[in-house]
Amino acid sequence: MLRNHQGYNQMFKKNKLSFGLTIPLENHHKQVPTMGFQIERAQLAEEHNFQALWLQDVLLEDPTFEDPSTGQIFDSFLYAVYLASHTSSIKIGTAATVLPLRHPLRTAKEVASIDRLFPERFLLGISSGDRRKDFEGLGIPIMERREWFRDAFEMLQIALYEEYPNYQSKFGKMYKSNLVPKPSKQIPILMTGYCQQTLDWVAEHGDGWMFYPQRPEQQRETIHQYREKVSTYHGNEFRPFIMPLPLDLMEDPHYPIEKIPAGYRTGRLGLIKILEKYRIVGVNHIMFGLSHSTREVENVIEEIGNEVIPHFQ
1 MLRNHQGYNQ MFKKNKLSFG LTIPLENHHK QVPTMGFQIE RAQLAEEHNF
51 QALWLQDVLL EDPTFEDPST GQIFDSFLYA VYLASHTSSI KIGTAATVLP
101 LRHPLRTAKE VASIDRLFPE RFLLGISSGD RRKDFEGLGI PIMERREWFR
151 DAFEMLQIAL YEEYPNYQSK FGKMYKSNLV PKPSKQIPIL MTGYCQQTLD
201 WVAEHGDGWM FYPQRPEQQR ETIHQYREKV STYHGNEFRP FIMPLPLDLM
251 EDPHYPIEKI PAGYRTGRLG LIKILEKYRI VGVNHIMFGL SHSTREVENV
301 IEEIGNEVIP HFQ
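For the sequence shown, the positions run 1 to 313 when the UniProt record's numbering is used.
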């Protein structure tokens, strides 16, 4: 049970707000990132009480996509192992693994292996995907990703948690066979967006919900709807709400709050005000995106860690 998962419970608490960072830790804007100094910056984030590092799942560079950058360049599961190997406690999550583009048995093998190598540090965010070129490259029809996602999710769960299952789907069959290793504990699975499903399905099957940035008043209604659905399937059991937030943190702490695409440009005093609004409406974890930062990433990590995170501990 997730109530016994130390990493999940350290990171997500009712009425509390924790913070993570999206990889790459680099102000590359919309250019392909260089991936320099990532380990040093990840270790700096861990030292400054960030709870998680988040990885994207992007296969091909697509210059026509609205965000042409290619995630963190390297495969998300391989890079998760790399980051975890060079840190000691910070959680590593995917935001998000595109289930229709990965065979669920391979996904199960990989995430169970990461969990066993780095116990209670791995968080599996999953999505149905939206990058057409990735679907084309793998010969998977993007308009059928709803069904592919559900089939992959079902086989993933069966492979991870059932012993010698008798199961067959479009991905293959398991008969008188068993996945090894099994995870040490249930791996937290976080839904991203609607995954081409209904909110009921997301609330029933997810251990948390990642949703896109909205202004606090809009996010309040989204969270309210989600929590009502969660209560239908899980009673009073807590399920966190997670949100990405692009940030350009200015050196002047009094710099006024300005909107940028999906996020904010402001000084630390304005940032604290914004974050408190999100905490009040029910956001439990914010993953900062620093790709559009106009300051050195190290300075931003240090300032948030020293001056912002303590307000929410």
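Every residue, glycine too, gets a C-beta built ideally from N, C-alpha and C.
Inset, instruction - Would you mind sorting Thr-87 into buried or exposed? The rule is 16 or more other CB atoms within 10 Å of its CB. - result: buried
Inset, instruction - Would you check if the distance between the CB atom of Ser-128 and the CB atom of Asp-151 is smaller than 8 Å? - result: no
Inset, instruction - With a 10 Å radius around its C-beta and 16 neighbouring C-beta atoms as the bar for buried, classify Arg-3 as buried or exposed. - result: exposed
Inset, instruction - Can you say whether Gln-51 is buried or exposed, counting buried as having 16 or more other CB atoms within 10 angstroms of its CB? - result: buried
Inset, instruction - Compute the distance between the beta-carbons of Ala-42 and Leu-53, then report whether it is under 8 Å. - result: yes
Legend entry - Assigned exposure category for Gln-38 - 16 Cβ within 10 Å defines buried: buried
Inset, instruction - May I ask whether a heavy atom of the ligand ADP can be found less than 7 Å away from the beta carbon of Leu-271? - result: Questions concerning the ligand ADP fall outside what the structure shown contains, since it holds no ligand whatsoever.
Inset, instruction - Tell me whether Tyr-79 is buried or exposed, calling it buried when 16 or more other Cβ atoms sit within 10 Å of its Cβ. - result: buried
Legend entry - contact_flag[the stretch 24-34, the stretch 257-269] where n(CB pairs < 8 Å) is 3 or more: no
Legend entry - Asp-248 - partner residues in DSSP beta bridges: Arg-265
Legend entry - Gln-186 versus Glu-276, Asp-207, Gly-137, Thr-232, residue with shortest Cα-Cα distance: Asp-207
Inset, instruction - Spell out a yes or no on whether the stretch 60-71 and the stretch 130-138 are touching, meaning 3 or more CB-CB pairs, one atom from each, closer than 8 Å. - result: yes
Inset, instruction - Please name the residue, chosen from Thr-34, Ser-89, Glu-40, Thr-70, that lies closest to Asn-49 on a Cα-to-Cα basis. - result: Ser-89
Legend entry - Lys-13 versus Glu-154: straight-line alpha-carbon distance, rounded: 28 Å
Legend entry - Where Gly-270 sits in the DSSP three-state scheme: helix
Inset, instruction - Quick one: grab the DSSP three-state call for residue 381. - result: Lying outside 1 to 313, the shown extent of the chain, residue 381 is not represented and no answer is given.
Legend entry - Bridge partners - His-285, DSSP secondary structure assignment: Ser-18, Ile-242
Inset, instruction - Please state whether DSSP places Gly-93 in a helix, a strand or coil. - result: strand
Legend entry - Completely contained beta strand (DSSP E) runs for the stretch 16-101, where each covers 3 or more residues: 18-22, 52-55, 91-98
Inset, instruction - Quick one: grab the DSSP three-state call for Ser-127. - result: strand
Inset, instruction - Report the three-state DSSP secondary structure of Phe-312 (helix, strand or coil). - result: helix
Legend entry - Secondary structure of Phe-171, DSSP reduced to three states: coil
Legend entry - According to DSSP, residues forming a beta bridge with Thr-192: Met-210
Inset, instruction - Provide the residue span of the alpha helix (DSSP H) that contains Ile-301, from first to last. - result: 297-303
Inset, instruction - Quickly, what does DSSP pair Arg-258 with across the bridge? List them, please. - result: One point to set straight first is that residue 258 is Glu, not Arg, in the sequence displayed. Glu-258 is bridged to Arg-265.
Legend entry - Per DSSP, the bridge partner or partners of Phe-122: Ile-92
Inset, instruction - Hey, could you find the ends of the alpha helix (DSSP H) Glu-217 is sitting in? - result: 216-234
Inset, instruction - Can you grab the Cα-Cα spacing for the pair Tyr-161 / Gly-193, in whole Å? - result: 25 Å
Legend entry - Bounding residues of the alpha helix (DSSP H) (the contiguous stretch that carries Gln-10): 6-11
Legend entry - Rounded Cβ spacing between Asn-243 and Phe-288 (contact assumed at less than 8 Å): At residue 243 the sequence reads Met, which differs from the Asn that was named. The pair is not a contact, with the Cβ atoms about 10 Å apart (cut-off 8 Å).
Legend entry - Beta-carbon spacing of Gln-197, Val-281 below 8 Å: no
Inset, instruction - With DSSP as the reference, label Asn-306 as helix, strand or coil. - result: helix
Legend entry - Gly-36 versus Leu-123, Pro-310, Ile-73, residue with shortest Cα-Cα distance: Ile-73
Inset, instruction - Select from Asn-284, Leu-156, Leu-247, Gln-10 the residue whose C-alpha is nearest the C-alpha of Trp-108. - result: It is Ala, not Trp, that sits at residue 108 in the sequence shown. Nearest of Asn-284, Leu-156, Leu-247, Gln-10 to Ala-108, Cα basis: Leu-156.
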